[in-house]
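Just below is one structure, and these are the notes that go with it.
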Amino acid sequence: MAETKVVREEVEALADILDAKGLTEIEYEAAGIRIRVARAGVAAGPAQVAPPLQEDVGGPPADGSFQEIRSPMVGTFYEASSPESPPFVESGGRVRKGQVVCIIEAMKLMNEIESDYDGVVAERLVANAEGVEFDQPLFRITAD
Amino acid sequence: MAETKVVREEVEALADILDAKGLTEIEYEAAGIRIRVARAGVAAGPAQVAPPLQEDVGGPPADGSFQEIRSPMVGTFYEASSPESPPFVESGGRVRKGQVVCIIEAMKLMNEIESDYDGVVAERLVANAEGVEFDQPLFRITAD
Amino acid sequence: MFEKVLIANRGEIALRIIAACRDLGVKTVAVYSTADRDSLHVTHADEAICIGGAESSRSYLNIPAIISAAEIADADAIHPGYGFLAEDARFAEICRDCGIRFIGPNPDSIRLMGDKALARKAASDAGIPVLPGSPEPLHASSQARAVADEIGFPVILKASMGGGGRGMRIVRDPHDLESAFGQARSEAGAAFSNTDIYLEKYVERPRHIEFQVLGDEHGNVISLGERECSIQRRHQKLLEEAPANAFDADTREHIGQILADALQAIGYSNAGTVEFLMDDERKLYFIELNARIQVEHPVTEAVTGIDLVRSQLLLAAGEPLGSVVPDAVEIRGHAIECRVNAEDPETFLPSAGKIERFAAPGGPGIRVDSAAYSGWTVQPHYDSLVAKVTAHAGTRGAAIRRMRRALSMCVLEGVKTSIPLHQRILEDPRFVAGAYDTRFIEELEL
Amino acid sequence: MFEKVLIANRGEIALRIIAACRDLGVKTVAVYSTADRDSLHVTHADEAICIGGAESSRSYLNIPAIISAAEIADADAIHPGYGFLAEDARFAEICRDCGIRFIGPNPDSIRLMGDKALARKAASDAGIPVLPGSPEPLHASSQARAVADEIGFPVILKASMGGGGRGMRIVRDPHDLESAFGQARSEAGAAFSNTDIYLEKYVERPRHIEFQVLGDEHGNVISLGERECSIQRRHQKLLEEAPANAFDADTREHIGQILADALQAIGYSNAGTVEFLMDDERKLYFIELNARIQVEHPVTEAVTGIDLVRSQLLLAAGEPLGSVVPDAVEIRGHAIECRVNAEDPETFLPSAGKIERFAAPGGPGIRVDSAAYSGWTVQPHYDSLVAKVTAHAGTRGAAIRRMRRALSMCVLEGVKTSIPLHQRILEDPRFVAGAYDTRFIEELEL
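As you go down the protein sequences, you meet chains B, Y, V and H in turn.
To convert, note that position 89 of the first sequence is 89 in this note's numbering; the numbers rise steadily by one, no gaps.
To convert, note that position 75 of the second sequence is 75 in this note's numbering; the numbers rise steadily by one, no gaps.
To convert, note that position 443 of the third sequence is 443 in this note's numbering; the numbers rise steadily by one, no gaps.
To convert, note that position 87 of the fourth sequence is 87 in this note's numbering; the numbers rise steadily by one, no gaps.
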């Protein structure tokens with residue numbers, strides 16, 4: 001559609017200006033159209049910038065860079081594939097990207113949750129058979 | 001599209017002003033168009049800090065230090081002691097501390113208002129026989 | 001009564017349901033999207049569970065997430081509010097299958113009312129007046145002509161599968177019927193791959209009248225009288241009243257009884273709204289039944305004194321109608337609701353953004369339903385309703401004056417709102433006279 | 001009707017008066033102190049005039065400034081609200097002398113009711129029940145004994161010029177009367193240089209009952225029934241109800257008629273509240289008449305459907321009572337008001353400061369009167385009332401549930417409030433049973 005193209009051009013034009021001028025935000029509004037382009041944190045060009053704020057995740061690692069595995073759905077957290085089986089992962093254990101770390105049951109479906117990171121399980125944040133929200137942190141993984 | 005180009009020019013112009021003046025944000029709105037450009041945190045360019053904002057008193061004196069004579073009560077402002085008399089003070093005239101500058105009538109009582117300052121009457125802010133609030137500026141007085 | 005109700009909605013209706021639950025001593029579970037973390041329904045519910053991302057499809061329309069939330073919170077019922085999943089028969093079925101009470105009609109009723117053709121037929125069979133027209137698709141313009149001659153012009157041709165005006169033609173002159181029929185068929189064929197066309201009487205300047213009904217699980221249905229919702233822009237209601245203008249008690253009684261009988265016959269339960277067109281001879285024609293609580297329910301609450309959301313909860317829990325509503329429902333005074341939307345008054349687009357200052361109006365006769373507060377952000381992902389202001393008074397004139405006063409004393413800064421439009425409506429002589437129809441807004445805006 | 005009314009007050013009552021004026025199409029002038037520049041009464045009035053500094057004596061009690069403001073704004077009437085100048089007979093006289101209508105009783109009525117002894121005598125003469133006691137000062141304990149024997153113990157001795165408990169003695173045993181009389185006299189003499197002592201029946205656990213009256217300028221007075229205001233802390237009302245608990249219709253009718261007759265006889269006009277003590281035998285004793293609109297007027301508005309502030313305006317403009325209130329005043333359902341104060345729950349001191357977040361409760365049956373908004377500062381100069389929440393429902397039980405719900409859904413951050421205390425009151429079994437008296441709060445707080 002022609003309309004899409006016009007919009008695309010305008011947005012690109014604004015994005016170019018953002019870059020060229022070292023801005024962090026442009027808002028533009030005209031007859032029935034509103035465009036906002038922004039780039040968080042770093043401004044291009046001369047300006048020096050404060051380091052990006054670490055999002056507060058409430059947790060310990062003093063020094064620590066860690067990653068979180070978060071729940072992609074609402075459901076019930078299970079540490080193992082069955083009550084008799086050993087947990088998929090244990091605190092202090094090593095995980096590889098793609099490895100199943102737990103199961104979230106939602107609507108009778110067992111959803112295997114995989115690690116997005118290679119590393120060590122620094123902490124498990126949820127008890128077995130506990131309910132979890134969308135986006136709730138489940139594990140903290142520290143890099144090797 | 002022609003419109004896109006016009007916008008580009010306007011946005012770039014605003015971005016340049018942002019730089020030149022060391023600002024962090026400009027919002028611009030005119031018939032059917034609204035543009036906002038911003039640069040977070042550090043301003044590029046010369047970026048000395050702007051002088052502290054003068055509190056807006058709505059008036060002229062560009063350079064100017066002036067003092068205000070304010071109404072100590074609610075009432076009606078009179079420039080003279082009677083309709084036949086000349087005004088107590090005129091714009092451009094000189095006043096001395098303690099000199100009567102006007103009358104405020106409140107509850108049938110005529111209250112003479114005196115200047116707190118020596119100086120020149122830069123401006124009279126109230127028309128004759130107009131109602132004035134408590135603390136409303138009546139005259140601006142510039143020092144000699 | 002339920003122990004704990006999950007509210008599968010957001011905004012003012014979620015607060016409204018929390019209020020009804022709290023009045024009954026029932027615990028509440030809010031669900032929310034990542035965009036709604038700072039919302040009042042999250043603050044006020046006893047528990048709150050994040051169910052997904054900002055887009056409705058990932059959160060408030062996400063059936064598995066909502067059911068899972070109900071399961072982990074151990075909720076025994078779900079109130080769907082309006083919009084989102086409120087009229088999704090499948091959702092109602094899934095709730096039932098999961099042993100969670102869906103607070104609304106049974107899935108069969110929802111499904112029946114969701115199919116406009118079936119609903120119309122059921123209504124007609126039950127003796128509810130419907131627009132005269134062809135009950136079955138028409139295959140030739142001669143058939144169309146025969147029906148049109150019988151019911152009288154103007155008529156409207158509609159594609160059976162239609163929507164958005166395509167395959168639709170209004171015919172005022174019999175001579176135009178044949179060509180209009182051909183055009184409608186080809187448009188319908190192109191748009192929906194189906195050339196079925198049906199024909200209905202066309203009402204030139206209809207008024208929108210709707211009846212509030214309540215039914216229990218034991219075969220009893222009652223009508224609580226009507227509302228008038230003719231003040232619409234692009235089929236979005238802006239202002240509603242109860243009772244309707246110049247609506248007589250006999251008609252209220254008569255239609256109410258027909259509706260109660262008809263809905264009893266199909267086993268309808270819980271709250272519902274039966275929508276009608278009214279022509280200039282004040283004849284009513286069934287359009288559809290909305291199988292849920294309605295945005296504008298406060299006007300009926302004001303004039304009847306009946307708490308409709310509380311009634312929904314009680315009825316869903318199996319209470320008989322006789323213990324939920326008084327024996328004789330009385331209509332007292334007049335009520336008007338204005339839907340204050342955050343929207344651009346020129347473009348009608350949602351004016352998303354942060355509310356810099358909000359102070360709701362108060363005083364006698366004013367009710368406010370709102371999830372807004374200073375500092376709250378109107379989300380672009382959802383509808384633009386910021387507050388519902390309801391004015392109730394002894395007479396329509398007094399209700400109008402109270403509403404004008406309330407809107408003039410509503411502080412809402414930071415977003416553009418529909419208040420100036422509402423103020424124009426409330427000052428318009430036709431509105432004040434109660435002599436308006438669904439074309440009021442388009443004529444006001446000329 | 002007036003063209004323009006100046007409101008000599010601030011806060012929620014100023015907004016309440018603006019609302020009533022707006023409903024009547026009357027223009028409004030707000031006056032404000034320098035501390036109240038950002039107040040909603042300034043925002044919402046048609047005009048606003050700064051009249052002085054933050055201290056009440058320089059602004060809201062500053063008669064010349066207020067009269068001057070009325071003159072420069074060309075207001076033809078002044079509504080004093082409650083508190084400040086509302087019961088200042090001199091102010092009412094100055095208004096009259098300046099040709100400005102004072103919206104309230106005439107100065108003579110205000111002055112009569114301001115003198116408690118005269119008011120008591122006038123009430124007694126008019127057949128209003130007063131506490132039995134000595135009409136004149138007593139000069140010897142033997143006199144006191146004679147009166148006490150006649151009316152029965154317990155009795156209370158009070159200094160005629162008294163206040164603050166000095167020169168006051170409760171006597172339960174006849175043997176203690178002589179020494180108590182001596183103590184009271186010497187205390188009175190020391191404190192007030194006047195040893196006049198009088199004696200009254202002492203009510204051990206009184207309830208506070210008050211009747212709302214309205215009178216026109218043509219000699220007609222009506223009673224709109226009673227309120228119960230026994231929930232008080234240090235004589236400050238915290239929660240009020242209408243109707244009173246277990247108050248029978250016959251008493252309402254009977255006392256109402258006596259009041260109407262008595263006030264007609266003295267030419268009382270506009271709104272007034274007649275306060276009574278009620279003893280445990282449910283007998284009523286006149287205390288005083290407040291010649292103004294009362295903070296707690298919304299509970300009467302809720303159950304009668306009568307807008308009292310509108311009525312004040314109409315009556316002051318000379319409308320006859322018959323055109324202001326309906327022929328038969330009906331009491332419908334039950335209403336409760338909670339005064340949400342910004343105060344420290346331990347020390348009861350005003351908790352002045354900025355309100356960080358305010359979201360008033362809404363939904364069915366809830367009315368809010370408030371001048372607060374997020375970002376508004378509770379001023380230390382004035383009273384600490386932030387919002388009045390009124391719940392109305394068909395029954396007292398339902399009104400209590402609605403009030404609990406409303407308070408639980410009131411967001412008020414940044415200052416300490418009385419909400420937790422209100423919540424304790426609303427959960428207390430004695431309160432729920434309606435079996436409480438003016439000592440309720442002190443016993444609750446033990």
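Think of the CB as a built atom: it goes at the ideal place given N, C-alpha and C, for glycine as much as any other residue.
How would you label Leu-6 (chain H), buried or exposed, when you count the other beta carbons within 10 angstroms and need 16 or more for buried?
buried
Over the uninterrupted alpha helix (DSSP H) stretch that includes Pro-137 (chain Y), give me the two end residues.
Premise fails: Pro-137 (chain Y) lies in the beta strand (DSSP E), 137-142, not in any alpha helix (DSSP H).
So what does DSSP say about Arg-227 (chain H), is it helix, strand or coil?
strand
Determine, for Gly-362 (chain V), whether the minimum Cβ-Cβ distance to residues of chain H falls below 8 Å.
So yes, Gly-362 (chain V) belongs to the interface.
Below 7 Å between beta carbons is the criterion; list the residues of the segment 97-115 of chain B that meet it against any residue of chain V, in chain order.
Ala-106 and Met-107
Rounded to the nearest angstrom, what separates Arg-37 (chain V) and Ser-65 (chain Y) at their Cα positions?
Between Arg-37 (chain V) and Ser-65 (chain Y), the C-alpha separation is close to 50 Å.
Below 8 Å between beta carbons: does that hold for Ala-262 (chain H) and Ile-128 (chain H)?
Taking 8 Å as the Cβ cut-off, Ala-262 (chain H) and Ile-128 (chain H) qualify as a contacting pair.
Ignore the nearest five residues each way along the sequence and tell me which others in Asp-56 (chain Y)'s own chain have a CB closer than 6 Å to its CB.
At Asp-56 (chain Y), the pLDDT of 38 sits below 50, so the modelled position is not reliable and the matter cannot be decided from this model.
Candidates V:Phe-181, V:Glu-87 and V:Pro-105: which alpha carbon is nearest His-139 (chain V)'s?
V:Phe-181
I'd like to know whether the C-beta of Glu-12 (chain Y) is nearer than 8 Å to at least one C-beta of chain B.
yes
Please classify Val-303 (chain V) as buried or exposed, where buried requires at least 16 other C-beta atoms within 10 Å of its C-beta.
Counting C-beta atoms within 10 angstroms of its own C-beta, Val-303 (chain V) has 16 or more neighbours from the protein chains shown and is therefore classed as buried.
Please compile the residues from chain V whose C-beta is within a distance smaller than 7 Å of the C-beta of Glu-301 (chain H).
Pro-364
Return the Cβ separation of Val-309 (chain H) and Ile-17 (chain H) in integer angstroms, given the expectation that the two are a contact with Cβ distance under 8 Å.
6 Å
Along the chain, where does the beta strand (DSSP E) that runs through Ala-48 (chain V) open and close?
First-last of the beta strand (DSSP E) with Ala-48 (chain V): 47-52.
Nearest chain H C-beta to Phe-134 (chain Y) closer than 8 Å, yes or no?
yes
My guess is that Gly-52 (chain V) and Phe-77 (chain B) are in contact by the Cβ rule of under 8 Å, so how many angstroms apart are they, rounded?
Not a contact, Cβ separation roughly 17 Å.
Quickly, what does DSSP pair Lys-237 (chain H) with across the bridge? List them, please.
Among the bridge pairs identified by DSSP, Lys-237 (chain H) is matched with H:Gln-232.
From Gly-225 (chain V) to Ala-48 (chain H), what distance separates their C-alpha atoms?
45 Å
Run the CB neighbour count on Ala-14 (chain H), radius 10 Å, all protein chains shown included, and call it buried at 16 or more, exposed below.
buried
Quick one: what's got a C-beta closer than 8 Å to Glu-343 (chain H)'s C-beta in the same chain, skipping five residues either side?
Leu-349, Pro-350, Ser-351, Ser-384, Lys-416, Thr-417 and Ser-418
Tell me the DSSP secondary structure of Gly-414 (chain V) in three-state form.
Coil at Gly-414 (chain V), not helix or strand.
What residues in its chain sit with their C-beta under 8 Å from that of Asp-149 (chain H), if we drop five residues either side in the sequence?
Pro-174
Once you ignore the five residues that flank Ser-81 (chain B) on each side, which residues in its own chain have a CB closer than 7 Å to its CB?
Taking Ser-81 (chain B) as the centre and dropping the five residues before and after it, the same chain places the C-beta of Ile-103 closer than 7 Å to its C-beta, in chain order.
Check for me: the beta strand (DSSP E) holding Ala-106 (chain B) runs from which residue to which?
100-106
When you compare only the Cα positions, how much space is there between Val-340 (chain H) and Ala-399 (chain H)?
17 Å
Examine chain H for any beta-carbon lying closer than 8 Å to the beta-carbon of Thr-76 (chain Y), and answer yes or no.
yes
Could you tell me how far apart the beta carbons of Ala-271 (chain H) and Arg-292 (chain H) are, in whole angstroms, since I believe they sit closer than 8 Å?
Their Cβ separation, rounded to whole angstroms, is 7 Å, which keeps Ala-271 (chain H) and Arg-292 (chain H) in contact under 8 Å.
Three-state secondary structure (DSSP) at Phe-66 (chain B)?
strand
Go ahead and pull the three-state DSSP assignment for Gln-212 (chain H).
strand
On the DSSP letters alone, give me the boundaries of the beta strand (DSSP E) that Lys-201 (chain H) sits inside.
197-201
To the nearest angstrom, how far is it from the Cα of Ala-184 (chain H) to the Cα of Ala-144 (chain H)?
12 Å
Buried or exposed, going by whether 16 or more other CB atoms sit within 10 Å of the CB of His-235 (chain V)?
exposed
Which bits of chain V does Gly-375 (chain H) rub up against, with CB to CB less than 8 Å?
Arg-357 and Ser-374
What are the residues that DSSP puts in a beta bridge with Asn-270 (chain V)?
According to DSSP, which records beta bridges pairwise, Asn-270 (chain V) is partnered with V:Gly-215.
Specify the secondary structure class of Met-110 (chain Y) as computed by DSSP and reduced to three states.
Correct three-state label for Met-110 (chain Y): strand.
Using C-beta distances below 8 Å, list every residue in its chain close to Lys-29 (chain V), excluding the 5 sequence neighbours before and after it, in chain order.
At residue 29 (chain V) the sequence reads Val, which differs from the Lys that was named. Here the set comprises Lys-4, Val-5, Leu-6, Ile-7, Ala-45, Asp-46, Glu-47, Ala-48, Ile-49, Ala-69, Ala-70, Ala-73 and Ala-75.
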